[in-house]
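Each residue of the sequence shown is one higher than the last, beginning at 3 in our numbering.
C-beta atoms are modelled at their ideal positions from N, C-alpha and C, and glycine is treated no differently.
Step one of this worksheet: look at the structure below.
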Amino acid sequence: MRALKMLFTLLAIGSPLTMSAHAASRARVSLDAMLQPYLARYGLPALAAAVVKNGKIVASGAVGLRRAGGNERVTIDDRFHIGSDTKAMTALLAAMLVESGKLRWNTTVAEAFPELAGGMNADVKGVTLEQLLSHTSGIPSDNDAHDKLLWESFAQQKKNLDELRYWLVKQLVAQPLQSKPGEKFAYANMGYILAGAILEKASGKTWEELVATRIFDPLGLKSAGFGPQSSLGRIDAPLGHIPLPEGPKPMLAGPNGDNPEIMGPAGTVHLSILDLAKWASWNAGEGKRGPALVSKETLSKLHTKVVDMPPKPDAAPGTPSFGGYGFGWVTVQLPFAHEPFLFHGGSNEMNVAYLLLQPKLDLAIAMTTNIGGTKADDALKELSKELYARFGER
Numbered sequence: 003m004r005a006l007k008m009l010f011t012l013l014a015i016g017s018p019l020t021m022s023a024h025a026a027s028r029a030r031v032s033l034d035a036m037l038q039p040y041l042a043r044y045g046l047p048a049l050a051a052a053v054v055k056n057g058k059i060v061a062s063g064a065v066g067l068r069r070a071g072g073n074e075r076v077t078i079d080d081r082f083h084i085g086s087d088t089k090a091m092t093a094l095l096a097a098m099l100v101e102s103g104k105l106r107w108n109t110t111v112a113e114a115f116p117e118l119a120g121g122m123n124a125d126v127k128g129v130t131l132e133q134l135l136s137h138t139s140g141i142p143s144d145n146d147a148h149d150k151l152l153w154e155s156f157a158q159q160k161k162n163l164d165e166l167r168y169w170l171v172k173q174l175v176a177q178p179l180q181s182k183p184g185e186k187f188a189y190a191n192m193g194y195i196l197a198g199a200i201l202e203k204a205s206g207k208t209w210e211e212l213v214a215t216r217i218f219d220p221l222g223l224k225s226a227g228f229g230p231q232s233s234l235g236r237i238d239a240p241l242g243h244i245p246l247p248e249g250p251k252p253m254l255a256g257p258n259g260d261n262p263e264i265m266g267p268a269g270t271v272h273l274s275i276l277d278l279a280k281w282a283s284w285n286a287g288e289g290k291r292g293p294a295l296v297s298k299e300t301l302s303k304l305h306t307k308v309v310d311m312p313p314k315p316d317a318a319p320g321t322p323s324f325g326g327y328g329f330g331w332v333t334v335q336l337p338f339a340h341e342p343f344l345f346h347g348g349s350n351e352m353n354v355a356y357l358l359l360q361p362k363l364d365l366a367i368a369m370t371t372n373i374g375g376t377k378a379d380d381a382l383k384e385l386s387k388e389l390y391a392r393f394g395e396r
């Protein structure tokens with residue numbers, strides 16, 4: 003009877019854990035009122051954002067529609083696509099395999115795939131894992147030859163994704179570089195796909211398995227997955243939209259709802275704004291908080307500039323346009339803050355996502371919208387200034 007009475011008492015007043023969660027929710031500032039005007043101003047179907055300080059989400063919000071012209075409103079737990087923000091996850095996986103001794107930062111493409119060396123371009127043989135992850139490999143930015151390989155990959159039947167990437171590697175390593183390895187910066191999605199294939203070869207697992215079991219699970223990113231953020235046949239997440247003169251075109255889950263799956267290491271992850279904030283905060287903490295996926299020194303290496311990027315004012319939305327590139331992160335000084343940021347953007351041309359981190363202040367800002375294009379990019383730039391003015395250096 004005494005145990006039963008205690009149970010009813012706990013149910014009535016709430017356990018300490020429940021009370022703590024409720025208190026945290028009440029303490030969190032809602033950003034909905036701040037976000038709402040951006041929808042009409044920039045033509046966004048939906049918008050979500052979160053701010054994290056010292057490992058705690060202090061503000062969050064999600065407004066708008068899952069599908070333009072529809073009536074399904076977004077929620078704070080809805081999944082958004084983060085595009086090239088995925089690259090930092092690929093770099094972290096590489097760091098894990100380096101720390102475990104399965105790879106070295108200077109492992110070359112020829113060492114990773116010795117059986118393919120005979121058909122490799124001579125310069126490609128010496129490209130290192132570190133150069134692939136810092137976009138200094140000499141592999142050119144996306145071009146027609148790369149697009150051709152991606153389309154041809156669809157014709158490869160009865161292959162798992164690691165086998166598809168291996169097929170692509172065999173074709174890619176025969177192509178010439180645009181510059182000598184380590185000489186110049188060129189933002190190359192194909193370089194990250196090649197890096198992902200190296201991780202697969204070294205581990206014996208697909209890149210998706212590695213990300214899910216070694217990043218999503220330890221960090222508790224329960225909403226995280228790959229490909230279109232909505233399920234096939236359902237509007238259970240914000241659809242990506244293509245900006246057209248006549249208005250946003252919603253893209254249902256399916257073969258055209260995201261980048262080709264083979265591009266995973268370069269950008270196919272989706273997750274909720276709260277889980278994206280959790281990922282951003284783990285990085286902003288630079289080893290202050292668990293889980294200890296890599297050493298503090300290694301995490302610092304991932305965040306450290308390797309190469310200066312030539313300014314590119316016309317860079318595509320979600321693509322870094324200036325600053326210094328490290329390993330899936332850009333170091334950049336922005337005019338509205340004294341401290342520099344770690345930054346990355348992502349877009350599959352149907353969604354745009356931004357991450358802004360200041361490890362010195364243990365601060366992270368995450369923003370996502372479910373439409374591509376320059377207006378979406380402009381919206382997140384403006385929103386970053388407004389969020390930082392309210393929650394930044396104070």
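Kindly give me the distance between the Cβ atoms of aspartate 460 and glycine 229, rounded to whole angstroms, as I take these residues to be in contact under 8 Å. It is not possible to answer for residue 460, since the shown part of the chain is limited to 3 through 396.
Pick from Asn353, Gly328, Met352: whose alpha carbon is nearest that of phenylalanine 345? Gly328
I need the boundaries of the alpha helix (DSSP H) containing serine 302, first residue and last residue. 298-305
C-alpha distance - alanine 279 paired with valine 100, whole-angstrom precision: 26 Å
Close-in-space but distant-in-sequence residues of the same chain around asparagine 108 (CB under 8 Å, 5 per side omitted): Thr130, Leu131, Glu132
Terminal residues of the continuous alpha helix (DSSP H) containing aspartate 149? 146-155
Buried or exposed: glycine 246, going by 16 or more other Cβ atoms within 10 Å of its Cβ? It is worth fixing the name first, because residue 246 is leucine in this sequence and not glycine. Under this definition leucine 246 is an exposed residue.
Are the beta-carbon atoms of methionine 265 and isoleucine 195 separated by less than 8 Å? yes
So isoleucine 275 packs on alanine 64, CB below 8 Å; how close in whole Å? 6 Å
Out of curiosity, what's the CA-to-CA distance linking methionine 122 and lysine 290? 43 Å
Compare the beta carbon distance of asparagine 350 and histidine 83 with 8 Å and say whether it is the shorter of the two. yes
First and last residue of the alpha helix (DSSP H) that includes methionine 36? 34-44
What is the DSSP secondary structure of phenylalanine 343, counted as helix, strand or coil? strand
Please classify histidine 243: does DSSP put it in a helix, a strand, or coil? strand
Short Cβ contact (8 Å threshold) for aspartate 277 with asparagine 56: no
Between the alpha carbons of leucine 41 and leucine 301, how many angstroms are there, rounded? 36 Å
Sub-8 Å separation of alanine 286 and alanine 366 beta-carbons: yes
Minimum C-alpha distance to phenylalanine 218 - residue among Ala378, Glu384, Leu94, Ser386: Leu94
Simplified DSSP assignment, three categories, for glycine 66: strand
Under 8 Å by Cβ, that's how I've got glycine 326 and methionine 311 pegged, so tell me the actual separation to the nearest angstrom. 7 Å
Write down the C-beta distance between proline 319 and glycine 375 rounded to the nearest angstrom, noting that I regard them as a contact closer than 8 Å. 6 Å
Would you mind stating whether methionine 352 and alanine 51 have Cβ atoms separated by less than 8 Å? no
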